[in-house]
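Asker: Reminder that position 129 of the sequence shown reads as 129 in full-length UniProt numbering, one-by-one numbering, no gaps.
Below is one structure. I have some questions about it.
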Amino acid sequence: MSHDNGNNAFPASSIYPSLPSALCDEKPSPAAVLSHCDDMEGIILLVKAADFAARRHRFQKRKDERTPYINHPIGVAFLLISVAKVYDPVTLAAAYLHDLVEDTKTTFEELEQLFGREVAEIVRECTDDKNLPKDVQRKKQVEKAAGSSYKAKLVKLADKLYNLRDLQRTLPIGWSKSRAREYTKWAKEVVTQLKSTNEALEMALDDVINQLLDKK
Numbered sequence: 001m002s003h004d005n006g007n008n009a010f011p012a013s014s015i016y017p018s019l020p021s022a023l024c025d026e027k028p029s030p031a032a033v034l035s036h037c038d039d040m041e042g043i044i045l046l047v048k049a050a051d052f053a054a055r056r057h058r059f060q061k062r063k064d065e066r067t068p069y070i071n072h073p074i075g076v077a078f079l080l081i082s083v084a085k086v087y088d089p090v091t092l093a094a095a096y097l098h099d100l101v102e103d104t105k106t107t108f109e110e111l112e113q114l115f116g117r118e119v120a121e122i123v124r125e126c127t128d129d130k131n132l133p134k135d136v137q138r139k140k141q142v143e144k145a146a147g148s149s150y151k152a153k154l155v156k157l158a159d160k161l162y163n164l165r166d167l168q169r170t171l172p173i174g175w176s177k178s179r180a181r182e183y184t185k186w187a188k189e190v191v192t193q194l195k196s197t198n199e200a201l202e203m204a205l206d207d208v209i210n211q212l213l214d215k216k
């Protein structure tokens, strides 16, 4: 059993990187979020998805090799709530689970059995084929983005916003500035294909993309 007294806790910025202070002030209370769940099933779905994601990602780290990976899906769900004002339990559950098939041994069949077909299909839309070369994966993300379902588009936008704010905060281990710039340009291509999905997310993405591309 861990006896961590909290002194080694990860800073909030590692969960919600570069979060504007204005958003911190507007952060919804748990009661406000849960009030948008029509019944107990929605609340159970969210807690179950968060717990499942935490268990499956438990040995993984982010690219800085320090931050627990689970901070990412939590952060994506948080951006959907705080920026996009999305409170739909299915979309938020998919945000918690969106990297599981891609980065763990979790299967789509398992997700469908545990969380339902709609959640599993959103995750499927957000999943790259790791058997393909990285450049092909990225090309397919751009090609598939516009045809995604509305809920998958929301998760994809929040995912890109989280990753770009993370990149703004610190370069991943082994990344050069030119590699970060190329990633940002590619992310912009994806985001362009997701336009007219959620104005608040798109404005936040435009802002962080411009800041990153303006960096010398």
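Just so it is clear, CB atoms sit at the ideal spot from N, CA and C, and this is done for glycine as well.
The structure displayed is predicted, hence computed values, not measured ones.
How should L132 be labelled, buried or exposed, when 16 other C-beta atoms within 10 angstroms of its C-beta is the threshold for buried?
Answerer: Against the sequence shown, residue 132 aligns to sequence position 132. Burial call: exposed.
Asker: Where are the alpha helix (DSSP H) runs, 4 residues long or more, that stay fully inside the segment 39–87, in chain order?
Answerer: Taking only runs of at least 4 residues, the alpha helix (DSSP H) segments lying wholly in the segment 39–87 are 40–56, 71–82.
Asker: Where does K140 sit, in a helix, a strand or coil, going by DSSP?
Answerer: As a working note, residue 140 is residue 140 in the sequence shown. Helix, per DSSP.
Asker: Between which two residues does the alpha helix (DSSP H) holding I173 run?
Answerer: Start at 1 with the first residue of the sequence shown, and residue 173 comes out as number 173. Premise fails: I173 is in no alpha helix (DSSP H) and is neither H nor E.
Asker: May I ask you to report which of helix, strand or coil DSSP gives Q193?
Answerer: Position 193 of the sequence shown, counted from the first residue, corresponds to residue 193. Q193: coil per DSSP, three-state reduction.
Asker: Okay, do the segment 59–69 and the segment 163–174 touch, 3+ Cβ pairs below 8 Å being the bar?
Answerer: Yes, the segment 59–69 is in contact with the segment 163–174.
Asker: Suppose you measure from the CA of V90 to the CA of Q193; what does that come to, to the nearest Å?
Answerer: Walking along the sequence shown from the start, residue 90 turns up at place 90. Walking along the sequence shown from the start, residue 193 turns up at place 193. The alpha-carbon atoms of V90 and Q193 are separated by roughly 23 Å.
Asker: Check A146 in the structure and name its three-state DSSP category.
Answerer: Here residue 146 corresponds to residue number 146 of the sequence shown, with the count starting at 1. Looking at A146 - three-state DSSP - the assignment turns out to be coil, as it is neither helix nor strand.
Asker: So, at 8 Å on beta carbons, what are the nonlocal neighbours of I209 in its own chain, with the 5 sequence-adjacent residues on each side left out?
Answerer: As a first step, residue 209 must be located in the sequence shown, where it is residue number 209. Once the five neighbours on either side are set aside, the close Cβ partners of I209 are L164, T184, A187, K188, V191.
Asker: Can the beta-carbon of A94 be found less than 8 Å from the beta-carbon of I74?
Answerer: Here residue 94 is taken as the residue at index 94 of the sequence shown, counted from 1. Here residue 74 is taken as the residue at index 74 of the sequence shown, counted from 1. It is not a contact, given that the beta carbons lie outside the stated cut-off.
Asker: CB-CB under 6 Å to T106, same chain, minus the five flanking residues each way: which ones, in chain order?
Answerer: Against the sequence shown, residue 106 aligns to sequence position 106. Result list for T106: R56, L100, in chain order.
Asker: Whole angstroms is fine: what's the gap from A152's alpha carbon to E125's?
Answerer: Here residue 152 refers to the residue found at position 152 when the sequence shown is read from its first residue. Here residue 125 refers to the residue found at position 125 when the sequence shown is read from its first residue. So the two alpha carbons sit approximately 6 Å from each other.
Asker: DSSP three-state call for K130: helix, strand or coil?
Answerer: Numbered from 1 along the sequence shown, position 130 holds the residue referred to as residue 130. K130: coil per DSSP, three-state reduction.
Asker: On a CA-only basis, which of L212, G147, L213, L201 is nearest residue 220? Give me that one, please.
Answerer: This structure gives no information on residue 220, because the portion of the chain shown stretches from 1 to 216.
Asker: In angstroms, rounded to a whole number, what distance separates the CA positions of W175 and D51?
Answerer: What you label residue 175 is simply residue 175 of the sequence shown in a count that begins at 1. What you label residue 51 is simply residue 51 of the sequence shown in a count that begins at 1. Rounded to the nearest angstrom, the two C-alpha atoms are 31 Å apart.
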